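Asker: Below you will find the structure I want to go over with you.
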C-alpha cells in the first residue's frame with residue numbers, strides 16, 4: 001500500500017522483460033552453450049570486481065536505482081539431503097530446476113555484490129559457473145564478508161541453471177535454505193578439497209581460540225562454526241560454559257535470537273550460574289520482544305548478582321517496554337526524537353495490541369474487529385514492523401540512497417522503492433528465527449500455494465516467493481521518518497517567528513490555503529513512499545473508502561487509531577487507496593474517478609462496494625457534467641475571493657459570496673443521498689477554501705465559521721451547535737469521513753471562535769486535538785506544532 005508503481009511509465013521495459021522471459025522458457029531443458037575456460041571466467045570476474053570497487057569510490061555520494069528482475073516462482077527444496085542424488089555442472093540444463101539432485105561446489109573467487117551475492121564456483125571436475133545467491137544479508141549486516149569466502153565449499157540443493165542478462169549461464173538460488181555452507185572438516189566436503197586442521201588445533205580449546213579470533217575480526221558466522229566445532233570435541237562442563245556463552249553472543253550479533261536463547265538457557269542450566277549466562281538470556285528474550293520474560297530474568301540477575309549495574313539500567317528499559325506492550329503507554333516525544341536521530345529509524349519500542357482481534361470477515365477473508373466500544377482517537381494498536389526498509393536505510397558509505405526498480409513481467413508491474421530490501425530483511429529474519437516465522441506465513445497470500453514443510457535437515461524452510469507475495473499484498477509504504485515530520489515540512493515556515501496570536505492565525509491560514517492548492521502534488525509525493533514495512537497485525541485491516549481508522553508512522557512504528565466512535569464487534573477498515581485523491585487527479589470527472597478507484601483496487605483482487613463507491617458507480621453523465629461545470633465556475637470565483645481578501649483587494653464582498661453559495665448549492669444538488677451516508681467529496685474542499693478566504697477578513701468570520709462547519713457536514717460529520725449568533729455549545733454527535741484537513745479545519749474554527757464566540761474556542765481546540773491524534777497517532781506534540789503555550 002502506498003508503494004510507487006511506475007508500470008505505466010515503463011511499458012516498453014515490461015514488454016522486453018516478458019519477451020526475455022518467453023525466450024528463456026523456450027530453451028528449457030537444452031544443453032547450455034560451451035562455457036569459457038575456467039581461468040578466463042575467473043579473470044573476467046576478478047577484473048569486474050576491481051572495476052566496481054574503483055567506480056564505487058567515485059560514486060558513493062550519488063543517488064541511484066538498481067534493477068531487479070523477478071523470476072517465475074518456484075518452490076524451495078523440501079527433501080532431506082539423504083534423498084537427493086549428487087550431480088555435476090556438466091549435467092545441468094538450461095531453465096531447469098534439477099529436482100531430486102544436489103551440487104557440491106567450491107568458491108574460486110571472492111564475493112561480489114550486485115543485486116545478488118555472486119562468486120565463481122567450481123565442481124570436483126573443475127567446471128565453473130557463476131553462482132548467484134539472492135536475499136543474502138547486505139554489507140551492513142555485520143557478517144556479509146562471511147557469506148562466501150574464497151575456498152568455501154557449498155551444497156546447492158536442486159540447482160537452477162538460469163540464462164543471465166548477458167546471455168551466459170549461472171546458478172540462481174532464491175531460497176536461503178537451498179544452499180548449505182560447509183565448515184572445515186565437514187564429512188560432506190569432497191576429499192580433494194578437504195583440509196584437516198592441525199592435530200593440536202583440533203580440540204575444544206583450539207576451536208574456541210579460533211572462534212574468538214573470528215569474533216574479534218567481526219567474522220561472526222565463522223566464529224559460530226568454530227564454537228560449534230569446539231562443542232563437538234566433548235569438552236568438560238566447565239570448558240563448555242564459556243564456549244556456549246561466546247556462541248550465544250555471536251548469535252546475538254548475527255540476529256539469530258532463537259539460537260542465542262538456546263545457548264544461554266543451556267548455560268543457565270548448569271550448577272555454576274553466571275552473570276553472563278543470565279544477561280545473554282535477557283538479551284535474546286528482549287530481542288524477541290518477550291519483555292515479560294526478559295524482566296523476570298533481569299530480576300533474577302539483580303537478586304543473584306546485586307552489584308551488576310547494567311542489569312539495573314536494562315531492567316528500567318525492559319519495564320518501559322512491558323508497559324508499552326501491555327498498556328500502550330508510550331513516550332511519543334521520545335519516539336519522535338529517536339526517529340529523527342536514528343538512521344534507519346528503527347525504534348526501541350514494543351508492540352501494543354489494543355481492543356482488537358482477528359476474526360473471519362465473510363467474503364473478505366479475515367479482518368480486524370473491536371472487542372469493546374471505542375471512541376474517536378482511541379489507540380487501537382501501536383505496532384513495530386516485523387521488517388522495515390527505509391530509503392535512508394539503503395545507503396552507501398557516502399550516503400547515496402539505494403532504491404530498486406522491481407520488474408515483474410508475470411504480474412506486469414514495475415515498482416520503485418525498497419520492496420526488494422524488505423523481502424531480504426523479512427526472509428532473513430524468518431530464517432534466523434524460526435519461532436517468528438508463523439507470524440508472517442499466516443498472513444494473506446492470495447492463491448499462492450505454500451509448501452508443507454517448515455524445516456528440513458534441521459534448517460528452516462523459508463519460501464522466498466511466498467514472502468514476496470505476502471509483502472506485495474500486505475506491506476505498507478511509510479514516510480521516511482514520521483508522518484508528523486512530513487506535515488511539519490508543509491505547515492511550518494522556518495524563516496519566520498510567530499510571536500503574536502494574530503500573526504500565527506494569518507500565517508497558518510495562508511499556509512493552509514497553499515496546501516489546498518498544492519494538494520495533488522503533495523499527495524503524489526506521499527503516495528510515492530519509498531520506505532516500506534511489514535506490520536503483521538495491521539495487515540489484517542481490510543479496505544474501505546469509508547475508513548474507520550487512520551494510521552500514522554513514527555520511525556518503524558505504526559499507530560492506528562479509531563477515526564470515529566465504534567461499537568464492540570465492529571470491523572476496522574482502512575483505505576488502501578484514498579478516494580479523496582481522485583477528484584484532484586481527474587479534474588472533477590467523478591465517473592472516471594470512481595472507475596479509477598476500482599481499477600487501483602484490482603491489484604488486491606477485489607472491488608470496493610462501500611456506499612461511496614456504489615454512489616460513484618451510479619453517477620450518471622448529466623450529474624457528473626454539472627459537477628465539472630460547477631467546479632469550473634468555482635475556480636474563477638475563488639480567484640476573485642482570494643484577490644479581494646488580499647492586501648488592497650477591498651475585502652470579500654457579499655455579491656461574490658452569494659455567487660459562491662450558489663455554486664456550492666448547485667454542487668450539493670448533484671448528490672441524491674445524505675452526506676452522512678455518502679460524503680460529498682466534490683463539495684467539502686470547495687466549502688473549506690471559501691471558509692479560509694472569509695476567515696482572513698474580520699467582517700466575514702461568521703460566514704467563514706458557517707462554511708467550515710458546512711465542509712465538515714459534507715464529510716458526514718453530525719455537529720450540534722457551533723453557530724456564532726447563539727454561541728451554543730459545539731458537539732460532534734457523529735464523526736464523519738476523516739481526511740487530513742479535518743485537523744486544520746478545527747484549528748480554523750478555534751481561531752475564529754476566539755474572535756467572535758470565545759466560549760466555543762476550547763471545545764473546538766479539543767476536537768482539533770482529537771483529530772490531530774487520529775491523523776498523527778499522538779497529541780503530545782500538538783502544542784508545539786500549533787504554537788500553543790506549554
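Residue numbers (UniProt numbering): 1 to 790.
Each residue gets a CB set at the ideal place from its N, CA and C atoms; glycine is no exception.
Values in this document were obtained by computation on a predicted structure and should not be read as measured data.
In three-state DSSP terms, what is residue 102?
Answerer: Along the chain shown, one-based indexing puts residue 102 at 102. If DSSP states are grouped into helix, strand and coil, residue 102 belongs with the strands.
Asker: Closest to residue 544 by CA distance: which of 597, 26, 729 and 21 is it?
Answerer: On the chain shown, residue 544 is found 544 positions in, with the first residue counted as 1. For the residues 597, 26, 729 and 21, the minimum Cα distance to residue 544 belongs to 597.
Asker: Mind listing, in chain order, the continuous alpha helix (DSSP H) runs of no fewer than 4 residues lying wholly within the stretch 454–478?
Answerer: Counting only runs of 4 or more, we get 464–474.
Asker: By the DSSP assignment, the beta strand (DSSP E) with residue 12 in it spans what residues?
Answerer: The residue labelled residue 12 in the question sits at position 12 within the chain shown. Unbroken run through residue 12 is the alpha helix (DSSP H), 11–26; no beta strand (DSSP E).
Asker: Does DSSP put residue 783 in a helix, in a strand, or in coil?
Answerer: By one-based count along the chain shown, residue 783 stands at place 783. In the structure shown, residue 783 sits in a helix (DSSP, three-state: H, G or I).
Asker: Identify the continuous alpha helix (DSSP H) that holds residue 303 and give its terminal residues.
Answerer: Position 303 of the chain shown, counted from the start, is the residue given in the question as residue 303. Start and end: 291–304.
Asker: Return no unless some Cβ of chain B is closer than 8 Å to the Cβ of residue 562.
Answerer: Among the protein chains of the structure shown there is no chain B, as only one such chain exists.
Asker: Could you tell me which of 696, 737 and 299 sits nearest to residue 676, measuring between CA atoms?
Answerer: What you label residue 676 is simply residue 676 of the chain shown in a count that begins at 1. Checked all of 696, 737 and 299; the closest Cα to residue 676 is 737.
Asker: Which residue comes first and which comes last in the beta strand (DSSP E) that contains residue 370?
Answerer: Within the chain shown, residue 370 is the residue found at index 370, counting from 1. That run of the beta strand (DSSP E) goes 366–370.
Asker: Give me the Cα-Cα distance between residue 148 and residue 568, rounded to the nearest whole angstrom.
Answerer: Working through the chain shown from its first residue, we reach residue 148 at position 148. Working through the chain shown from its first residue, we reach residue 568 at position 568. If you take the alpha carbons of residue 148 and residue 568, they lie about 54 Å apart.
Asker: Rounded to whole angstroms, what is the Cα-Cα separation between residue 105 and residue 124?
Answerer: Along the chain shown, read from residue 1 onward, the residue named residue 105 stands at position 105. Along the chain shown, read from residue 1 onward, the residue named residue 124 stands at position 124. Taking the straight line from one Cα to the other gives about 7 Å.
Asker: Hey, out of 238, 453 and 221, whose CA is closest to residue 256's CA?
Answerer: Position 256 of the chain shown holds residue 256. If we check each option's Cα against that of residue 256, 221 comes out closest.
Asker: Cα-Cα, which of 739, 678, 375 and 669 is closest to residue 552?
Answerer: As a working mapping, residue 552 is identified with position 552 in the chain shown. The shortest Cα separation from residue 552 among 739, 678, 375 and 669 belongs to 739.
Asker: Is the CB-CB distance between residue 562 and residue 375 below 8 Å?
Answerer: If you number the chain shown from 1, residue 562 lands on position 562. If you number the chain shown from 1, residue 375 lands on position 375. Cβ atoms of residue 562 and residue 375: closer than 8 Å.
Asker: Which same chain residues, not among the five before or five after residue 633, have their C-beta less than 6 Å away from its C-beta?
Answerer: Reading the chain shown from its first residue, position 633 is the one you call residue 633. Excluding positions up to five away in sequence, the list reads 663.
Asker: Alpha helix (DSSP H) containing residue 743: first to last residue?
Answerer: Working through the chain shown from its first residue, we reach residue 743 at position 743. Per DSSP, residue 743 belongs to the alpha helix (DSSP H) from 741–756.
Asker: Between residue 281 and residue 303, which are expected to be in contact by the criterion C-beta below 8 Å, what is the C-beta distance as a whole number of angstroms?
Answerer: Residue 281 sits at position 281 when you count from the first residue of the chain shown. Residue 303 sits at position 303 when you count from the first residue of the chain shown. Going by Cβ atoms, the distance from residue 281 to residue 303 rounds to 14 Å, so no, they are not a contact pair.
Asker: Taking the straight line between their C-alpha atoms, what separation do you get for residue 74 and residue 190?
Answerer: Counting from 1 along the chain shown, the entry for residue 74 is found at position 74. Counting from 1 along the chain shown, the entry for residue 190 is found at position 190. Cα to Cα, residue 74 sits roughly 29 Å from residue 190.
Asker: Which value, in whole angstroms, describes the spacing of the CA atoms of residue 247 and residue 136?
Answerer: Position 247 of the chain shown, counting from 1, holds the residue named residue 247. Position 136 of the chain shown, counting from 1, holds the residue named residue 136. About 21 Å.
Asker: According to the neighbour-count rule (16 or more other Cβ atoms, all chains shown, within 10 Å of its Cβ), is residue 403 buried or exposed?
Answerer: As a working note, residue 403 is residue 403 in the chain shown. So residue 403 counts as buried.
Asker: In the DSSP assignment, what residue or residues form a beta bridge with residue 132?
Answerer: What you label residue 132 is simply residue 132 of the chain shown in a count that begins at 1. Paired residues: 118 and 172.
Asker: Assuming residue 688 and residue 628 make a contact with CB atoms under 8 Å, what is their CB distance in whole Å?
Answerer: Along the chain shown, read from residue 1 onward, the residue named residue 688 stands at position 688. Along the chain shown, read from residue 1 onward, the residue named residue 628 stands at position 628. That belief does not hold up - the Cβ atoms of residue 688 and residue 628 are roughly 20 Å apart, past 8 Å.
Asker: If you draw a straight line from the C-alpha of residue 554 to the C-alpha of residue 163, how long is it?
Answerer: For the purposes of this step, residue 554 is taken as the residue at position 554 of the chain shown. For the purposes of this step, residue 163 is taken as the residue at position 163 of the chain shown. Roughly 43 Å between the two C-alpha positions.
Asker: Could you tell me whether the Cβ atoms of residue 703 and residue 666 are closer together than 8 Å?
Answerer: The count along the chain shown starts at 1 and reaches residue 703 at position 703. The count along the chain shown starts at 1 and reaches residue 666 at position 666. Against a cut-off of 8 Å, the Cβ pair of residue 666 and residue 703 comes out as no contact.
Asker: Rank 81, 330, 79 and 94 by C-alpha distance to the C-alpha of residue 29 and give the top, closest one.
Answerer: As a position in the chain shown, residue 29 is number 29, starting the count at 1. Minimum Cα distance to residue 29 is reached at 94.
Asker: Out of 606, 560 and 40, point me to the one whose CA is closest to residue 356's CA.
Answerer: Reading the chain shown from its first residue, position 356 is the one you call residue 356. Checking every option, the nearest Cα to that of residue 356 belongs to 560.
Asker: Report all residues from its chain with a CB closer than 7 Å to the CB of residue 505; omit the five preceding and five following residues, and keep chain order.
Answerer: The sequence position of residue 505 within the chain shown is 505, counting from 1. At residue 505, the pLDDT of 39 sits below 50, so the modelled position is not reliable; the number obtained from the coordinates is stated separately. 751.
Asker: Within the stretch 635–720, note down every full beta strand (DSSP E) run reaching 3 residues or more, in order along the chain.
Answerer: Entirely contained in the stretch 635–720, the beta strand (DSSP E) runs reaching 3 residues are, in chain order, 718–720.
Asker: On the CB-based measure, 16 or more other CB atoms within 10 Å of its CB, does residue 157 come out buried or exposed?
Answerer: Counted from its first residue, the chain shown places residue 157 at position 157. Label assigned to residue 157: buried.
Asker: Residue 120: which of 97, 155 and 171 sits nearest, CA to CA?
Answerer: Taking the first residue of the chain shown as 1, we reach residue 120 at position 120. Selected option, being the one with the closest Cα: 171.
Asker: Skipping 5 residues on each side, what residues in its chain have a beta carbon closer than 7 Å to that of residue 115?
Answerer: In the chain shown, residue 115 corresponds to position 115, counting from 1. If we look at residue 115 and ignore the five residues flanking it on each side, its Cβ neighbours are 66 and 68.
Asker: Buried or exposed, going by whether 16 or more other CB atoms sit within 10 Å of the CB of residue 371?
Answerer: As a working note, residue 371 is residue 371 in the chain shown. That one is exposed.
Asker: Would DSSP call residue 376 helix, strand or coil?
Answerer: Start at 1 with the first residue of the chain shown, and residue 376 comes out as number 376. Three-state result, residue 376: coil.
Asker: What first and last residue would you give for the alpha helix (DSSP H) that runs through residue 738?
Answerer: Residue 738 sits at position 738 when you count from the first residue of the chain shown. First-last for residue 738: undefined, no H or E at that position.
Asker: Using 8 Å as the threshold, is the stretch 5–15 in touch with the stretch 405–423, meaning 3 or more CB pairs across them?
Answerer: Cβ pair count under 8 Å is three or more, so yes.
Asker: Below 7 Å CB to CB, which residues in the same chain sit around residue 369 once its five sequence neighbours on both sides are set aside?
Answerer: Indexing the chain shown from 1 puts residue 369 at position 369. Closer than 7 Å at Cβ, skipping near neighbours: 356, 357, 359, 569, 570, 571 and 572.
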